[in-house]
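**Q** Numbering (full-length UniProt numbering), first residue to last: 1 to 208. Note that beta-carbon positions come from the ideal geometry of N, C-alpha and C, so glycine has one too. Small disclaimer: the values here were computed from a predicted structure and weren't measured. Here you go, one structure.
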Ligand code: VGL
Ligand code: ZN
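In C-alpha cells, the structure reads:
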C-alpha cells in the first residue's frame, strides 16, 4: 500500500502577490506542510507550472486579447491568462514557506508554447504525457491524495487524469488544501471530481 501526496502548483504565481493570484492561495501551504510531516506518505510529488516567456496561454501573445478573456490556441478554445510562472522567475518558484525538503519528485509542465497543460499528467490536448503516471506506477502507488492550486483548473484536471490514467488507484481531493480561481468553478469542479470517482476529504480526515 504505497500512499502518495501530489501537491499541485503551490507557486508564488498563484499566491497573493503573484501574477495569477488565487484568493488565499497561500493558505494551502500549512496544510501541505502538515501532511508532508504526518508520516502518512511514502512518496511526495509536487507539480510546477513552468512556462516559456512566449507561452500561447498568455494574453500578451495575442494582440487585442486581455487576460481572462477566451481566445484560441492551436485551434482550440483557450482562456487567456496573465503572464505567469515563467521559467526561472520568482513567480515560478514554490512558495517560500513550503517545506520542499520533503518533496521526492518535481513534475514540471506547460513548457510547450503551443498547448496548455493544466494537468500534471498530460497536456490539455492529451497528446503529450509528462511521465508522472509512469513514475507513480513504477513506485507502486495505490492511493493518491491531491491538493493545491487552483481547484478549478490544475487540481481538477490532475484529479480527473489520475482517475483515468491510474485505474485501481484510490484518488482523494483534499478540499482544505486547495483554493480556486472562480467560486462557481470550484463548486462545479468538486461535483465533477466526485462524480468521476474521487473521494472529497479534508486534511483532518486523513491525518489520524
Ligand atoms: C493554472 C491557470 C493557468 C493552475 C495554471 O495551476 O491552476 N491555472 N496555469
Ligand atoms: Zn499556467
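What alpha helix (DSSP H) runs, 4 residues minimum, are completely inside the region 83-140?
**A** Listed in chain order, they are 132-138.
**Q** To which residues of the same chain is residue 104 closer than 8 Å at the C-beta, ignoring the five residues directly before and after it?
**A** Position 104 of the chain shown, counted from the first residue, corresponds to residue 104. Here the set comprises 43, 44 and 45.
**Q** When the distance is taken between beta carbons, is residue 125 closer than 8 Å to residue 115?
**A** Sequence index remark: in the chain shown, residue 115 carries index 115 (1-based). Sequence index remark: in the chain shown, residue 125 carries index 125 (1-based). For residue 115 and residue 125, yes; Cβs fall inside 8 Å.
**Q** If you measure between the beta carbons of residue 150 and residue 29, is that distance less than 8 Å?
**A** The count along the chain shown starts at 1 and reaches residue 150 at position 150. The count along the chain shown starts at 1 and reaches residue 29 at position 29. Not in contact: residue 150 and residue 29 (Cβ atoms no closer than 8 Å).
**Q** If you reduce the DSSP assignment to three classes, tell me which class residue 201 lands in.
**A** Along the chain shown, one-based indexing puts residue 201 at 201. In this structure, residue 201 counts as strand in the three-state DSSP scheme.
**Q** If you draw a straight line from the C-alpha of residue 20 to the C-alpha of residue 32, how long is it?
**A** If you number the chain shown from 1, residue 20 lands on position 20. If you number the chain shown from 1, residue 32 lands on position 32. Going by the C-alpha atoms only, they are around 20 Å apart.
**Q** Which two residues bound the contiguous beta strand (DSSP E) that contains residue 72?
**A** In the chain shown, the residue the question calls residue 72 occupies position 72. It spans 70-73 - the beta strand (DSSP E) in which residue 72 sits, taken as one unbroken run.
**Q** Since residue 141 and residue 2 should fall inside the 8 Å C-beta cutoff, what is the C-beta to C-beta distance between them, to a whole number of angstroms?
**A** Position 141 of the chain shown, counted from the first residue, corresponds to residue 141. Position 2 of the chain shown, counted from the first residue, corresponds to residue 2. That belief holds up - the Cβ atoms of residue 141 and residue 2 are roughly 5 Å apart, short of 8 Å.
**Q** With a CB to CB cut of under 6 Å and the five nearest residues on each side skipped, what residues in its chain are close to residue 55?
**A** Counting from one through the chain shown, the residue named residue 55 turns up at place 55. Once the five neighbours on either side are set aside, the close Cβ partners of residue 55 are 113.
**Q** Using DSSP with H/G/I as helix, E/B as strand and the rest coil, what is residue 159?
**A** Position 159 of the chain shown holds residue 159. Residue state, collapsed to three classes: helix.
**Q** Just to check, is the beta-carbon of residue 105 closer than 7 Å to a non-hydrogen atom of ligand 1?
**A** Here residue 105 refers to the residue found at position 105 when the chain shown is read from its first residue. It does not: the Cβ of residue 105 is nowhere closer than 7 Å to a heavy atom of ligand 1.
**Q** Kindly examine ligand 2 and report whether one of its heavy atoms sits closer than 7 Å to the Cβ of residue 148.
**A** As a working mapping, residue 148 is identified with position 148 in the chain shown. No.
**Q** Output yes or no for whether 8 Å exceeds the beta carbon distance between residue 59 and residue 52.
**A** Counting from 1 along the chain shown, the entry for residue 59 is found at position 59. Counting from 1 along the chain shown, the entry for residue 52 is found at position 52. No.
**Q** Please state the DSSP three-state secondary structure of residue 36.
**A** The residue you call residue 36 lines up with position 36 of the chain shown. Helix, per DSSP.
**Q** Closer than 6 Å by C-beta to residue 230: which residues in its own chain qualify, once you throw out the five before and the five after it? Chain order, please.
**A** Outside the displayed range of the chain (1 to 208) lies residue 230, so it cannot be described from this structure.
**Q** Take residue 57 and list the residues in its own chain whose beta-carbon comes closer than 8 Å to its own, dropping the five residues that flank it on each side.
**A** By 1-based counting over the chain shown, the position of residue 57 is 57. Cβ neighbours of residue 57 beyond the five flanking positions: 51, 73, 78, 79, 80, 81, 110 and 116.
**Q** Starting from residue 214, trace the beta strand (DSSP E) both ways and give me its first and last residue.
**A** Nothing about residue 214 can be reported from this structure: the residues present for the chain run from 1 to 208 only.
**Q** Are residue 203 and residue 176 touching if we call contact CB-CB under 8 Å?
**A** For the purposes of this step, residue 203 is taken as the residue at position 203 of the chain shown. For the purposes of this step, residue 176 is taken as the residue at position 176 of the chain shown. Closer than 8 Å, so yes.
**Q** If we require 3 or more residues per run, which beta strand (DSSP E) segments fall completely within the region 4-56?
**A** The region 4-56 contains these whole beta strand (DSSP E) runs: 43-49.
**Q** Any heavy atom of ligand 2 within a distance shorter than 7 Å of the CB on residue 85?
**A** Here residue 85 is taken as the residue at index 85 of the chain shown, counted from 1. Yes, the Cβ of residue 85 comes within 7 Å of a heavy atom of ligand 2.
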